[in-house]
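Written below as structure tokens is the structure these notes are about.
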Amino acid sequence: MLMINGLACLLIITSLCVIMVRTAKKAALFYSLQSLVLVLLFVYLANEMQAHELYMWSISAFITKVFLVPAILIYAMKKVDESQTPAGINVAWLIPITAVIVTLCYFVVVPIDLPLVAHLKPALSVSLSHFLLGLVCIVSQRNIVKQVFGYCLMENGSHLTLALLANKAPELVEIGIATDAIFAVIIMVVLVNKIYRTFHSLDAKQLMSLKG
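In the working numbering, the protein residues as written are 420 to 631.
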């Protein structure tokens, strides 16, 4: 249990790294590291809960999240210049915001009476916090590429929540989640590239001309 809760907390640290770094390549590397932590969580959860379906989840997540999605993001951003795009939220604000989110999610989870996750409430609160951090990434970043990573963080958070609460779900559910995530990322990076070729900018504040 301690290892599971510890790995869940490590997800928060890697989320902060994804949000704080300036370039998509570095963010993709931290996202890959975070996904590896998520895979380890699935393995430990499978052993702890005797949910053998999670072993298949871990294999699927390893292929799609650790390798495929980061590779797509890095390849798609090869010809995009991010150097002129302003940074998003200041680190001095990000850390206390994260602390508030994690604390609130913990107090939300504590009253929940579910025998399935009785000893994993810290991990459950982290999964909810992770989802909200993805939202923070989307609304706080001026770089539209980093907003794509916000979606990826939200997806990892919801994935962990599903693993904790519905770990007996068949492998087909995991395949559907992974497929949705991959196609969503592909669509978003295609749109980002088209926007960049048209406006020569990734700054969300400079894209007001996209309004109809």
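Ideal Cβ positions, reconstructed from N, Cα and C, are used throughout, including at glycine.
Assigned with DSSP and collapsed to three states, N612 falls in helix. The Cβ atoms of N562 and L621 lie closer than 9 Å to each other. With respect to the 9 Å criterion, A623 and A542 are not classified as neighbours on the basis of their beta carbons. Note that the segment 490-499 does not touch the segment 464-473; fewer than 3 beta-carbon pairs, one per stretch, sit closer than 8 Å. Contact check for L583 and S546: beta-carbon distance about 6 Å, within the 8 Å limit, so the pair qualifies. A straight line joining the alpha-carbon of A588 with that of F449 spans about 28 Å. For S620, there is no enclosing alpha helix (DSSP H), as DSSP gives it neither H nor E. Of the candidates G595, K540, V608 and A585, V608 places its Cα closest to the Cα of Y570. Within the same chain, Q566 and G569 come within 6 Å of I557 by CB-CB distance, once the 5 residues on both sides are set aside. A direct Cα-Cα distance of roughly 6 Å separates F461 from S477.
The three-state reading of DSSP puts N575 in helix, counting H, G and I together.
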